[in-house]
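Report on the following structure.
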Amino acid sequence: MDDSADATKVEWREWGDEAFATAERAGKPVLLSLWAPWSEDCREMDETTYSEPRIAANVNDGFVPVRVNVDRRPRVRDRYNMGGFPSTVFATPDGEVITGATFLGVDGFREILDAVRRTWDGKGADAGSIPRQLGDADPPAGELSARVEEHMVEQLLAAYDEEFGGWGTDVKFPLPRTIEFALVRARDQATRTLEAVRTRLFDTYDGGFYRFSHNRNWGSPQREKLVDENAALVRAFAHGYRYTGEDAYRETAEDTVEYLTTDLWTGDAFAASQGGNDAYYRQEATEREDSAAPPVDGTVFAGHNGVAVDGLLTLAAYTDDERARRYAERARDHVLAELVGEDGSVVHFGDPETGEVGEAGLLPSQARVLSGLTTSASVLGEPGSMTAVADYALDHLQGEAGAFRDGPSEGAGLLDRPLYPLDTNVDVADALVETWLLTDDDRYREAAEAALSAFAGATDRMGVEVATYASAVARLRDPRLVAVGTDAGSDLHRAALRLADHETVVAPADDRADDGEAVVLADGDADERASTPDELESVLTESRP
1 MDDSADATKV EWREWGDEAF ATAERAGKPV LLSLWAPWSE DCREMDETTY SEPRIAANVN
61 DGFVPVRVNV DRRPRVRDRY NMGGFPSTVF ATPDGEVITG ATFLGVDGFR EILDAVRRTW
121 DGKGADAGSI PRQLGDADPP AGELSARVEE HMVEQLLAAY DEEFGGWGTD VKFPLPRTIE
181 FALVRARDQA TRTLEAVRTR LFDTYDGGFY RFSHNRNWGS PQREKLVDEN AALVRAFAHG
241 YRYTGEDAYR ETAEDTVEYL TTDLWTGDAF AASQGGNDAY YRQEATERED SAAPPVDGTV
301 FAGHNGVAVD GLLTLAAYTD DERARRYAER ARDHVLAELV GEDGSVVHFG DPETGEVGEA
361 GLLPSQARVL SGLTTSASVL GEPGSMTAVA DYALDHLQGE AGAFRDGPSE GAGLLDRPLY
421 PLDTNVDVAD ALVETWLLTD DDRYREAAEA ALSAFAGATD RMGVEVATYA SAVARLRDPR
481 LVAVGTDAGS DLHRAALRLA DHETVVAPAD DRADDGEAVV LADGDADERA STPDELESVL
541 TESRP
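Residues in the sequence shown are numbered from 1 upward in steps of one, following UniProt numbering.
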């Protein structure tokens, strides 16, 4: 249980079958408190609402209160999230949702308690319902066509904020993968957004990016710092540098790497996050020196580290940044040694302090570790357990309709109902496209195509937040590979990494190229060959901007 929960007067239970069985025996509804260790709002609700004696007494007497760390239990998060954290969810003993909200102050919590009591007294277990995303297990399938990419470009144009950069007119998230999609399709949008993120969301004193802004001008940041979000921005800024040559983008990526490898480094891998204490971050630099920095959650998440490996090695590929390469290798090796099984199953997390470990075989963990390993294969020539991680996802998580489940369909509450999340299916499909191009094994192409096709019927409803769906489809329909017949680190291989666009895969020491040559393959066919960096630059400049 977390320290802030210990400070409340609520008698929290751990998530699990026993908590729901207790609710069934007692004839009481369940109160789920979904919290995140980095969230200042969660801490505030603990210190105010859940510490109010009468509220705590009402909760303890009339409900079975359950505490859930959403970082450690993503399947619970995705089934019960009310739109942010904290999420306050009232459920039946079967796990069905009665009602819920996000942050609740004392007065608001009293009102919802009274309402839930009345509903429960009147309807009992019939008051619950199953969230819509779990009601229909099959996503809307369709055909993968050029229309997918065209639609997403239209969405970029429609949602772009011409005045302040970024997409949307209210809360602004950095959306690093959307930036990457735009870099080759709407570059001005991408670079203006990078500028806004760099100048408004980066903590110039302590380092690292804040999570998002509460308003469209990027001026009211939510100050938590998550390792995976920071690492994804390292990758986006590295790609921005590759396309523009702007030193400010390279320097921002390097500064973020410094933050990740100091404040968020456990000694073996990357820690999960740093909390968002507004009072600390609003101080001037000289005042911060005398204050305790917000705490770091030292949990090592396999998937978060996969994103970090991907981002740091991307920067190293473009700049030869030794620090980024060295720490990416260390994090990768730790994850492979401690969190990846011989069968390719990925353990969600490991806590270095307590020795606790998470579930194995969760889709986000498989997808993100796979992405880190494909980048390691491309940049360093070291794929590690790449094919084993991919094979586990195919063999254990892909359904007959093509989409991937988020994990085993078992567990307390609604965990026995399968969930097919679009964003994570996109992540795993994109990584499988890269695995296919690196290995030339059609099994991975077929799996990626099936997963993307499973959602193609919803293309016209997709927004810019899932721009990676369109880029993954484009890579599948028009696959491009630079196979290099020299070892990783050679001049020809380094040139290929710098010169190929970021949606083209580079494969070192590849037998599809003759010794000492690089061959550009388009849809599996040799397009052009080069034996020097200059020749390769000429070939790639002519073939794609």
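By construction, the Cβ of each residue, glycine as well, lies at the ideal position given by its N, Cα and C atoms.
None of the values given here were measured: they were computed from a predicted structure.
Quick one: what's got a C-beta closer than 6 Å to PRO545's C-beta in the same chain, skipping five residues either side?
Residue mapping note: residue 545 aligns to position 545 of the sequence shown, counting from 1. Any reading at PRO545 is ruled out, since the residue's pLDDT is 45, under 50, leaving its predicted position unreliable.
Can you grab the Cα-Cα spacing for the pair GLN283 / GLN222, in whole Å?
The residue given as residue 283 occupies position 283 in the sequence shown. The residue given as residue 222 occupies position 222 in the sequence shown. Approximately 15 Å between the Cα atoms of the pair.
Limits of the alpha helix (DSSP H) - the one that TRP35 falls within:
As a position in the sequence shown, residue 35 is number 35, starting the count at 1. Taken as a continuous stretch (DSSP letters only), TRP35 belongs to no alpha helix (DSSP H), being part of the beta strand (DSSP E) at 30-35.
If we call anything under 8 Å between Cβ atoms a contact, is PRO294 one with GLY276?
Locating residue 294 in the sequence shown gives position 294, where the first residue counts as 1. Locating residue 276 in the sequence shown gives position 276, where the first residue counts as 1. Here PRO294 is near GLY276, since their CB atoms are less than 8 Å apart.
So LEU362 and GLY95 are supposed to be a Cβ contact under 8 Å. How far apart are they, rounded?
To locate residue 362, count along the sequence shown from 1; it is residue 362. To locate residue 95, count along the sequence shown from 1; it is residue 95. Cβ-Cβ separation between LEU362 and GLY95: approximately 19 Å, too far for a contact (criterion under 8 Å).
Rounded straight-line distance, which links the Cα of ALA238 to that of ARG498
Numbered from its first residue, the sequence shown carries residue 498 at position 498. Numbered from its first residue, the sequence shown carries residue 238 at position 238. Straight-line spacing of the CA atoms in ARG498 and ALA238 works out to 11 Å.
Nearest by alpha-carbon distance to VAL484: which of ALA456, ALA513 and SER471 is it?
Residue numbering aside, residue 484 sits at position 484 when the sequence shown is read from its first letter. For the options ALA456, ALA513 and SER471, the alpha carbon positioned closest to that of VAL484 is the one of ALA513.
What would DSSP say about GLN155, mapped onto helix, strand or coil?
Translated into the one-based positions of the sequence shown, residue 155 becomes position 155. It is helical.
So, at 7 Å on beta carbons, what are the nonlocal neighbours of ALA467 in its own chain, with the 5 sequence-adjacent residues on each side left out?
Your numbering for residue 467 matches position 467 in the sequence shown. So the list reads MET152, ARG177, THR178 and PHE181, once near-sequence residues are dropped.
Using DSSP with H/G/I as helix, E/B as strand and the rest coil, what is ASP527?
On the sequence shown, residue 527 is found 527 positions in, with the first residue counted as 1. Of the three classes helix, strand and coil, the one that applies to ASP527 here is strand, per DSSP.
In whole angstroms, give me the CA-to-CA distance for TYR50 and ARG72.
Position 50 of the sequence shown, counted from the first residue, corresponds to residue 50. Position 72 of the sequence shown, counted from the first residue, corresponds to residue 72. When the Cα atoms are used, TYR50 and ARG72 turn out to be separated by approximately 22 Å.
Exposed or buried, which one is PRO139 when buried takes at least 16 other CB atoms within 10 Å?
Within the sequence shown, the letter at position 139 stands for residue 139. Classification for PRO139: buried.
Taking the beta carbon of GLU449 as the centre, do at least 16 other beta carbons fall within 10 Å, making it buried, or is it exposed?
Looking up residue 449 in the sequence shown gives position 449. By the 10 Å Cβ count, GLU449 comes out buried.
Assigned secondary structure, LYS9 (DSSP; H/G/I helix, E/B strand, else coil):
Residue numbering aside, residue 9 sits at position 9 when the sequence shown is read from its first letter. Coil.
Would you give the residue range spanned by the alpha helix (DSSP H) that THR74 belongs to?
On the sequence shown, position 74 is the one that residue 74 refers to. Checking the sequence, you will find Pro at residue 74 rather than Thr. 74-80 is the span of the alpha helix (DSSP H), which, as asked, contains PRO74.
Buried or exposed for TYR249, please, with buried defined as at least 16 other CB atoms from any protein chain shown within 10 angstroms of its CB.
Counted from its first residue, the sequence shown places residue 249 at position 249. Buried is the call here.
Check the C-beta distance from PRO93 over to PHE63 and give it rounded, since I have them as a contact under 8 Å.
The sequence position of residue 93 within the sequence shown is 93, counting from 1. The sequence position of residue 63 within the sequence shown is 63, counting from 1. PRO93 to PHE63, Cβ: 11 Å. No contact.
Assign LEU394 to one of three DSSP states: helix, strand, or coil.
In the sequence shown, the residue the question calls residue 394 occupies position 394. Helix at LEU394.
Thinking just about the alpha-carbon of each residue, which of GLN155, SER273, VAL309 and VAL369 is nearest to the one in ASP460?
Start at 1 with the first residue of the sequence shown, and residue 460 comes out as number 460. With distances taken between CA atoms, ASP460 lies nearest to GLN155 out of GLN155, SER273, VAL309 and VAL369.
When we look at the beta-carbon of THR387 and count the other beta-carbons within 10 Å, is it buried (16 or more) or exposed?
For this step, residue 387 is matched to residue 387 along the sequence shown. Result: buried.
Going by C-alpha distance, which of ASP440, ALA458 and ALA509 is nearest GLY142?
As a first step, residue 142 must be located in the sequence shown, where it is residue number 142. For the residues ASP440, ALA458 and ALA509, the minimum Cα distance to GLY142 belongs to ALA458.
Look at the Cβ atom of GLY381, then the Cβ atom of ALA496, and state whether they are nearer than 8 Å.
Counting from 1 along the sequence shown, the entry for residue 381 is found at position 381. Counting from 1 along the sequence shown, the entry for residue 496 is found at position 496. No; because the gap between Cβ atoms is not below 8 Å, this pair is not in contact.
Three-state secondary structure (DSSP) at THR88?
As a working note, residue 88 is residue 88 in the sequence shown. Residue state, collapsed to three classes: strand.
Which same chain residues end up closer than 6 Å to ASP478 when comparing Cβ atoms and leaving out the 5 residues on each side of it in sequence?
Taking the first residue of the sequence shown as 1, we reach residue 478 at position 478. No residues qualify anywhere along the chain.
If I follow the unbroken alpha helix (DSSP H) through GLY361, where does it start and stop?
As a working mapping, residue 361 is identified with position 361 in the sequence shown. Per DSSP, GLY361 belongs to no alpha helix (DSSP H) and is neither H nor E.
Helix, strand or coil at THR314 [DSSP, three-state]
The count along the sequence shown starts at 1 and reaches residue 314 at position 314. Helix, per DSSP.
Does the count of Cβ pairs from the segment 292-312 and the segment 366-383 closer than 8 Å reach three?
The segment 292-312 vs the segment 366-383: in contact.
Might you give, ordered along the chain, the residues of its own chain that have their beta carbon closer than 6 Å to the beta carbon of SER213, omitting 5 neighbours on each side?
Position 213 of the sequence shown, counting from 1, holds the residue named residue 213. Counting only residues of its own chain and dropping the five nearest sequence neighbours on each side, SER213 has a CB closer than 6 Å to the CB of LYS172, SER220 and PRO221.
Quick check on DSSP: helix, strand or coil for THR252?
Here residue 252 refers to the residue found at position 252 of the sequence shown. THR252 carries a helical assignment under DSSP once its states are collapsed to helix, strand and coil.
Alpha-carbon spacing of ASP527 relative to ASP442, whole angstroms
Position 527 of the sequence shown, counting from 1, holds the residue named residue 527. Position 442 of the sequence shown, counting from 1, holds the residue named residue 442. Take the alpha-carbon of ASP527 and the one of ASP442: they are about 20 Å apart.
Do the CB positions of THR299 and PHE349 come within less than 8 Å of each other?
Taking the first residue of the sequence shown as 1, we reach residue 299 at position 299. Taking the first residue of the sequence shown as 1, we reach residue 349 at position 349. For THR299 and PHE349, yes; Cβs fall inside 8 Å.
Per DSSP, which one or two residues make a beta bridge with GLU14?
The residue labelled residue 14 in the question sits at position 14 within the sequence shown. The partner list for GLU14 (beta bridge, DSSP) reads ARG67.
If you run the structure through DSSP and keep just helix, strand and coil, what is PHE404?
If you number the sequence shown from 1, residue 404 lands on position 404. Reduced to three states, the DSSP call for PHE404 is strand.
What distance in whole Å lies between the Cβ atoms of ALA447 and LEU394, which are believed to be in contact at a cut-off of 8 Å?
For the purposes of this step, residue 394 is taken as residue 394 along the sequence shown, with counting starting at 1. For the purposes of this step, residue 447 is taken as residue 447 along the sequence shown, with counting starting at 1. Rounded to the nearest angstrom, the Cβ distance from LEU394 to ALA447 is 5 Å, consistent with a contact under 8 Å.
What are the residues that DSSP puts in a beta bridge with LEU481?
Translated into the one-based positions of the sequence shown, residue 481 becomes position 481. The bridge partners DSSP lists for LEU481 are VAL505 and LEU521.
Beta-carbon within less than 7 Å of PHE202's beta-carbon, same chain only, minus the 5 sequence neighbours each way: which residues are those?
Working through the sequence shown from its first residue, we reach residue 202 at position 202. Once the five neighbours on either side are set aside, the close Cβ partners of PHE202 are PHE209 and THR252.
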